[in-house]
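Written out below as structure tokens is the structure these notes cover.
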Amino acid sequence: MGAWARAGLPSLFDARLSFLVFVPAVVAGSALGGVWPGALAAGLGVATGLLLGDAQPQVAEAALFLVVAGAVTWGGEWFQRVLKELSSRETHLRLILDTVPDAMILIDEKGAMRAFSPTAERLFGWTAAEAIGQNVSLLMPAPHREAHDSYLERYYRTGERRIVGVGRVVVGRRKDGSDFPLELAVGEMRTKEGRFFTGFVRDLTERQQAEARMQELQADLIRVSRLTALGEMASALAHELNQPLTAITNYLKGAGRLLRLENASVDRVSDAVDRAADQALRAGVIIRRLREFVARGETERRIENLHSLIEEASALALVGAREHGVQVRFALDPSADLVIVDRVQIQQVLLNLIRNAMDAMQDGGTRDLAISASTLDEDHVQVTVSDTGAGIDPDVAVQLFQPFITTKRAGMGVGLSISRTIMEAHGGRLWFEANAAGGADFHFTLHRARLEEELA
């Protein structure tokens, strides 16, 4: 075209500017094709200009044109590279958004969805074509569906961040109307077009199901641990129950003999029956404690009296202590009274520690067992079970709280592992130290309950 213009309208072009008509061709070739189309257009322009020029070759004009054409060609090549890089980045970003496990949703300042990733399509059931342009409240159950626009308006007015920049667990609604838990993180950006919010959504359904299953399995394991502990105590428990049952039998037989006497004393018969009833109550208390201890029940933390909790657990754990010559001392600080715990689980920890202490002192001369509770700080109390046994071997100490590690002659080695799990679930800790008597002190901490928490 430049050549035709140059040939057809020679009178309109000054000799010094005759090559300028070829510049648009160079620009177009460089912008659309890069360096080689631009160089070809420049070469054709120079050749055509020289052929159609005056008799005197226009070398200076041709040289100037080549300089300008070279700059334009280089600029066109740079432009092509920028376009390719931008296209590559866009493709890369789209591939990332298409493959990330989290759904991505972009909304404008009015709450209308502007982008809806493939993961979001699979998660919510809406296609991008259906979702884009709709208000994001489409993905929410009531009452958040109706209140979402007011949430945005409040944020614009006050600047108070409740979700923006803060991850939260909320509930979403699928196209089929089913609700599901999700984790939502929202980021904000400002452009010339206005404010935009990007939401990243993660489905928590499987995670919550797995956590619930894990808690159920853990509760079963804790209960099995209790049964194991009672199995190890079976002989002592049988002896403890046999005593009141034997006494009941003897008292009732004695009452029967008295009744067969002609001059039987009513007072003596009545006394024998009363004693039998007392022993029956004693056996009933033991059985009740056993039933409560092994019952599955629901995991529930409440405000409990620590002293009462320790006394009840000790009554069960110290079965047979007198026959083995174990001397027991209690030191319960009156200020360490109320705690927030699952009663049965903490009693399980105490039972494990007390029975371990008794086993550790079986072969020792001095058998002193001390159980204490004291205020550790404003928010915690500390319970300690101390024995005068042989202590814990250093090689065993480093892995004492791991499963299936035990110092007993016959034991599964799960008691201390379960006990530590229980304490960590209560927000406390369980550890041990060697004491001056050569034995071991096992400590654990619990959260204190203040009076206002009890009344709340």
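Here UniProt numbering is used: the first residue of the sequence shown is 1, the next is one more, and so on. Even for Gly, the Cβ is constructed at its ideal location relative to N, Cα and C.
| Query | Result |
| --- | --- |
| DSSP three-state call for Ala317: helix, strand or coil? | helix |
| Can you tell me the Cβ-Cβ gap for Ala103 and Ala120, rounded? I've got them flagged as a contact below 8 Å. | 4 Å |
| Taking only runs of the beta strand (DSSP E) that begin and end inside the UniProt domain "PAS" (89-159), which ones reach a length of at least 3 residues, in chain order? | 103-108 and 113-116 |
| Go to Arg355, then tell me how far its alpha helix (DSSP H) extends in each direction, as first and last residue. | Arg343 to Ala360 |
| For the structure I just gave you, are there three or more beta carbon pairs, one from the region 371-383 and one from the region 335-343, closer than 8 Å? | yes |
| Run through DSSP, which three-state label would Arg174 get? | coil |
| If you run the structure through DSSP and keep just helix, strand and coil, what is His447? | strand |
| So Leu123 and Val201 are in contact, right, with Cβ under 8 Å, and what is the actual spacing, rounded? | 7 Å |
| By the DSSP assignment, the alpha helix (DSSP H) with Glu424 in it spans what residues? | Gly415 to Ala425 |
| So does the region 278-290 actually touch the region 242-262, counting three or more Cβ pairs closer than 8 Å? | yes |
| Considering only the beta carbon of each residue, do Pro143 and Asp179 sit closer than 8 Å? | no |
| Just the C-alpha distance for Ser303 and Ser117, rounded to the nearest angstrom, thanks. | In the sequence as displayed, the identity of residue 303 is Ile instead of Ser. Cα to Cα, Ile303 sits roughly 48 Å from Ser117. |
| Could you tell me the alpha carbon to alpha carbon distance between Leu318 and Leu309, rounded to whole angstroms? | 14 Å |
| Excluding five sequence neighbours on each side, which residues of the same chain lie with their C-beta closer than 6 Å to the C-beta of Arg174? | Phe124 and Gly125 |
| Please state whether the Cβ-Cβ distance between Gly438 and Gly391 is less than 8 Å. | yes |
| Between Arg145, Arg157, Arg195 and Met189, which has its C-alpha nearest Gly177's C-alpha? | Arg145 |
| When we look at the beta-carbon of Asp359 and count the other beta-carbons within 10 Å, is it buried (16 or more) or exposed? | buried |
| With 16 as the cutoff for other CB atoms within 10 Å, does His324 come out buried or exposed? | exposed |
| Going straight from the alpha carbon of Ala321 to that of Asn435, what length do you get? | 21 Å |
| Could you tell me the distance, in whole angstroms, from the CA atom of Asn356 to the CA atom of Lys253? | 40 Å |
| Short check: CB of Glu188 to CB of Val169, under 8 Å? | no |
| Check whether the Cβ atoms of Ser112 and Asn135 lie closer than 8 Å to each other. | The sequence given here places Ala at residue 112; Ser does not occur at that position. Yes, the pair counts as a contact, with Cβ atoms nearer than the cut-off. |
| Should Asn263 go down as buried or exposed, given a rule of 16 or more other Cβ atoms within 10 Å for buried? | exposed |
| Between Gln345, Thr388 and Leu261, which has its C-alpha nearest Arg329's C-alpha? | Thr388 |
| Could you give the C-beta distance for Ile340 and Ala449, rounded to a whole number, given that I count them as a contact under 8 Å? | 5 Å |
| When we look at the beta-carbon of Leu86 and count the other beta-carbons within 10 Å, is it buried (16 or more) or exposed? | exposed |
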